[in-house]
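Numbering (our numbering), first residue to last: 88 to 373.
Remarks on the structure that follows.
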């Protein structure tokens, strides 16, 4: 228990830092990961994506990440003329979006067990390098590193209007979702009250600092007795919504628990179906 809270404390401290500690890899480790990525069909069929990825990685490793601007990429990667105006032509942003989607496609298919993960946060062209997601972790040089790779999902507190009845329903729904996931083989969870407390303090920064790849988020609306619950599964590296469902039900004081059971069972079944198509094993932080 003390070890768990030590981990969570370090997460919050990093989330509140303006310059979170970066994870460093050897050039050989990064080159090995690049070769795996370039063999994936999304890259093998696109010279532009290959050049784009190699250029931004090389510039970053050479210490020139601050030069990765739209104009530089347009001229150096896309062979645009020197009078190219990124304010008028958004071709770099289009290819950057394609690159993020191609990397996402690689990591939810062939790259689920990779030791190194490469992603490009929205709003920048600077690649980031993180450890692959793990089933278990070990302490090494004050970093948490991988011993067996898996995918990690996080459950965020569902948003809603401040209403005592909905507060109770939403809290119970997320708690039950966490508890039921913990009872499924190949799933592991951190208790929802702990995750809720961390999310309130660190917000969305928590996803990158804990290595969460996918986040279950939701919104709850209530008009009279009509309840609408919108649940999304979000790929945190790209902010792409990969799965979504809307549930509409009538709610009252007598059917709240029954309704929680129904919605949780539906969400888990449908998310399991989604992961069965792209993953072999799943670990969950909730």
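All C-beta atoms, glycine included, are put in the ideal place defined by N, C-alpha and C.
Please read these numbers as outputs of a predicted model, since none were measured by experiment.
- Residue 189: member of the alpha helix (DSSP H) spanning 178-194, first to last residue.
- Rounded to whole angstroms, the Cβ separation of residue 158 and residue 142 is 13 angstroms, and the two are not in contact under 8 angstroms.
- In this structure, the alpha-carbon of residue 161 lies about 8 angstroms from that of residue 178.
- Listed as beta-bridge partners of residue 337 by DSSP are 313.
- Here DSSP, grouped into helix, strand and coil, assigns residue 245 to coil.
- Where residue 203 is concerned, the enclosing beta strand (DSSP E) starts and stops at 203-206.
- Taken atom to atom, the span from the alpha-carbon of residue 213 to that of residue 314 is near 42 angstroms.
- In this structure, residue 320 sits away from residue 336, with a CB-CB distance that is not shorter than 8 angstroms.
- Under the three-state reduction of DSSP, residue 216 is assigned to strand.
- At the C-beta level, residue 333 and residue 322 stay beyond 8 angstroms of one another.
- Residue 355 is positioned such that its CB atom lies no closer than 8 angstroms to that of residue 260.
- Contact annotation: residue 186 and residue 207 have beta-carbon atoms nearer than 8 angstroms.
- Residue environment analysis places residue 256 among the buried positions, since at least 16 neighbouring C-beta atoms fall within 10 angstroms of its C-beta.
- In this chain, residue 152 is not harboured by any alpha helix (DSSP H), its DSSP state being neither H nor E.
- Under DSSP, residue 138 forms no beta bridge with any residue.
- Judged by DSSP secondary structure, residue 129 falls within the alpha helix (DSSP H) whose first and last residues are 128-131.
- Residue 303 and residue 217 have their C-alpha atoms some 21 angstroms from each other.
- Taking 8 angstroms as the upper bound for CB-CB distance, residue 180 and residue 164 are not in contact here, some 13 angstroms apart.
- DSSP places residue 175 in no alpha helix (DSSP H); its state is neither H nor E.
- The beta carbon of residue 154 sits closer than 8 angstroms to the beta carbons of 146 from its chain, once the five residues preceding and following it are set aside; these are given in chain order.
- DSSP, reduced to helix, strand and coil, places residue 281 within a helical segment of the structure shown.
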